[in-house]
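Going by the working numbering, the final residue of the sequence shown carries number 480, and the count climbs one at a time with no gaps.
For glycine and all other residues, C-beta sits at the position ideal for the given N, C-alpha and C.
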Amino acid sequence: MLTNHKFRPELDRRAFLSRAGGGFGALALASLLDSEPNGRQANATQSKQSSPKAKSVIWLFMNGGPSGIDLFDEKPALKRWDGKAFPGKVETLFPHPGPIMKSPFKFRRRGECGATVSEVFPHVAQHVDDITFLHACQSEAQNHVPACYAVNTGSMRFGAPCVGSWVNYGLGTENKDLPGFVVMYDPRSAPEGGANLWDSGYLPGNNQGVPIRASDHPILYLKRPEELSGRQQKAQLKLLRGLNQQHLLRHPDDKSNLQSRIQSLETAFRMQDSAAGIVDVSRETRRVQNMYGMNSPPCKVFGTQLLMARRMVESGVRFIQIYHGGFAKNWDQHAALEQDHRKLCYESDRPIAGLLRDLKQRGLLESTLVVWGGEFGRGPTSQDRDGRDHNPFGFTMWLAGGGIKKGFSYGETDELGYQPVENPVSMHDLHATILHQLGITSDELTYYHNGRDQSLTNGFGSVIKPIIA
């Protein structure tokens, strides 16, 4: 069997795409010249729609596992047990857990709701009356990559579509010139799990997250190559249009895949003009930039990303996920928790508070669901004297806006913060709730794969009704 394209009797569509080198924008224009209408990619008609409370989601993913018992869930018993062995069996990732360790941070009750917040989040603390805290979240994995998969896709195994992909598949984008699902990760490095965390899995490829950077070149590979003239590009586009038509005649069963690729390329082409204005935060006033902490070097990158997220929400982007912490510099403090959590909180505190304040002032918070959390939390016992091990059994996440109750706490872990004693929340519950707020019944938004209809929750999990306003 001949596999080298040099010996193929004809130049087929795939070979042409591989060798043309025209860039996303060039390829996308071919579909724009086609006569087929470009409809909104939306499949939510498969699902019985409830009245949506939210139009957009901004998910702030604290990569590495932030310690809820040191940030938002004060446990006074940790002081009494400090230095003592854990009373019973404690499951940790690494063997030989150390004694119980009290929090190195001071807590204060904040807002009318009286939520306790650590000293290292003084600006976020000013917004507790807009937040619902989930203090008894549970995941299924103790290691980072499968735990990140579980939080993002509902499955610990590689290959399932992530939440953002399901949302984009179900609702599409409100702005045909921008993607419906955008991802921004820490410039220090991508998170563990990499692009698999925003992959569309078995859903059509145009539903995967589009990475955008907070830099002078926010989107890679959009520009037409300098060596390609406009005349040459037009010739390629004319040829590509014919190849697309021939491909559909020979492979009618591949129509959906071809349409998915075309839609991705169409979006890429349009983004060449539209995205530049959306990501240009220099158009914002100095007051707004400072609100996000952009005048402080440690806060500048994350603040810029969150300000970009607000601008995207205004422009109709449906789902935006922002990762704070990369592969190495992240929230995974097996040692030096006080030192490193303090630094990471400083980087993220003002930007997060600025986002909440800005959304609220612009009347966007009620229609934008903000999610904060990591792949798991951290346990009550010490590791390497001044760190904590992973704890997927009971940890804190929080939600704000998007029709969620204000100044509310749901769920509780035991006095040491190890595992739930009241109202545990699974990742399937969280996913069902996010979709519900967007007007989607999770198990009724399906895609046929591997012989059956698949969904984000696949029959597991329930909407967390007590937290809905």
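Whole-angstrom C-beta distance between residue j and residue i, which should lie under 8 angstroms
i, j, result
"Y421", "I475", "7 angstroms"
"Q372", "G414", "Contact flag wrong, Cβ pair sits at about 19 angstroms."
"A225", "M319", "6 angstroms"
"F144", "T407", "6 angstroms"
"A126", "E426", "A126 to E426, Cβ: 18 angstroms. No contact."
"D141", "L367", "6 angstroms"
"S10", "T444", "Nothing about residue 10 can be reported from this structure: the residues present for the chain run from 12 to 480 only."
"R329", "V178", "6 angstroms"
"G450", "S62", "6 angstroms"
Proximal residues to residue i (C-beta, below 8 angstroms), its chain only, five neighbours per side dropped
i, result
"G32", "Because the pLDDT of G32 is 43, which lies under 50, any placement of that residue in the model is unreliable, and the number read from its coordinates should be weighed accordingly. Result list for G32: P236 and L239, in chain order."
"S393", "P108, G109, P110, I111, M112 and R399"
"A53", "Residue confidence for A53 is low, a pLDDT of 47 falling below 50, so the modelled location carries little weight; the figure read from the coordinates is stated next. Around A53: G181, L182 and G183."
"A346", "Q394, D395, R396, D397 and G398"
"D84", "T127, F144, H146, T407, T424 and G428"
Length of the line joining the Cα atoms of residue i and residue j
i, j, result
"G288", "G183", "21 angstroms"
"P308", "C124", "33 angstroms"
"P98", "R322", "49 angstroms"
"N434", "A411", "19 angstroms"
"Y303", "P362", "4 angstroms"
"G122", "S466", "39 angstroms"
"N74", "E358", "13 angstroms"
"R252", "R199", "41 angstroms"
"Q430", "L348", "21 angstroms"
"G220", "F192", "5 angstroms"
"V128", "F105", "29 angstroms"
"R463", "D264", "19 angstroms"
"A310", "T103", "Note on residue identity: the sequence assigns Cys, not Ala, to residue 310. If I take the Cα positions, the gap works out to 32 angstroms."
"G204", "F72", "13 angstroms"
"G94", "D395", "13 angstroms"
"A96", "K340", "30 angstroms"
"H138", "L259", "54 angstroms"
"H155", "R261", "44 angstroms"
"W92", "E423", "19 angstroms"
"N301", "G336", "22 angstroms"
"N306", "V432", "43 angstroms"
Pair within 8 angstroms by beta-carbon distance, residue i and residue j
i, j, result
"E185", "G79", "no"
"G405", "G385", "no"
"L82", "C159", "no"
"S437", "Q149", "yes"
"V299", "L375", "no"
"Y458", "L250", "no"
"D454", "H134", "no"
"P157", "F338", "no"
Sequence-distant residues of the same chain with beta carbon closer than 6 angstroms to residue i, five excluded per side
i, result
"S46", "Because the pLDDT of S46 is 33, which lies under 50, any placement of that residue in the model is unreliable, and the number read from its coordinates should be weighed accordingly. Closer than 6 angstroms at the Cβ level, and outside the excluded window around S46, lies no residue."
"V131", "F116, R353 and C356"
"D351", "Q344"
"V382", "W70 and L410"
"H460", "Y213"
Closest Cα partner of residue i within the set the options
i, options, result
"L388", "L370, F105 and A147", "According to the sequence shown, residue 388 is Gly rather than Leu. Answer by Cα proximity: A147."
"G212", "D265, C173, P198 and D188", "C173"
"D291", "D343, G191, I223 and H442", "I223"
"G76", "E433, N402 and L446", "N402"
"E377", "M305, K416, T296 and P198", "K416"
"I230", "W177, A126, P133 and V194", "V194"
"Y196", "I445, Q332, P391 and G365", "Q332"
"N217", "P190, L260, P198 and R199", "P190"
"D369", "H228, S200 and G314", "G314"
"R119", "F419, K86 and V101", "K86"
"D210", "F338, A171, Q247 and V312", "A171"
"V312", "T296, R297 and Y334", "Y334"
"R297", "P106, R261, G365 and D265", "G365"
"K100", "P391, G175 and D454", "P391"
"A136", "N163, G418 and K95", "G418"
"L441", "L317, G336 and N163", "N163"
Cβ-based neighbour list, residue i, same chain, cut-off 7 angstroms, excluding 5 preceding and 5 following
i, result
"H439", "G165, T468, F471 and G472"
"A161", "S150, E151, A152, M167 and M438"
"R242", "none"
"K90", "K113"
"K64", "G413, G414 and Q448"
"A55", "In this prediction, A55 has a pLDDT of 42, which is less than 50 and means its spatial position is unreliable; what the coordinates show is noted afterwards. So the qualifying residues of the chain are G181, L182, I451 and L456."
"P477", "Y421"
"M316", "According to the sequence provided, residue 316 is Gln. The question's Met does not apply to it. Only M195, A225 and I333 meet the Cβ criterion."
Within-8 angstroms CB hit, residue i to chain B
i, result
"I479", "Any reference to chain B falls outside this structure, which holds one protein chain only."
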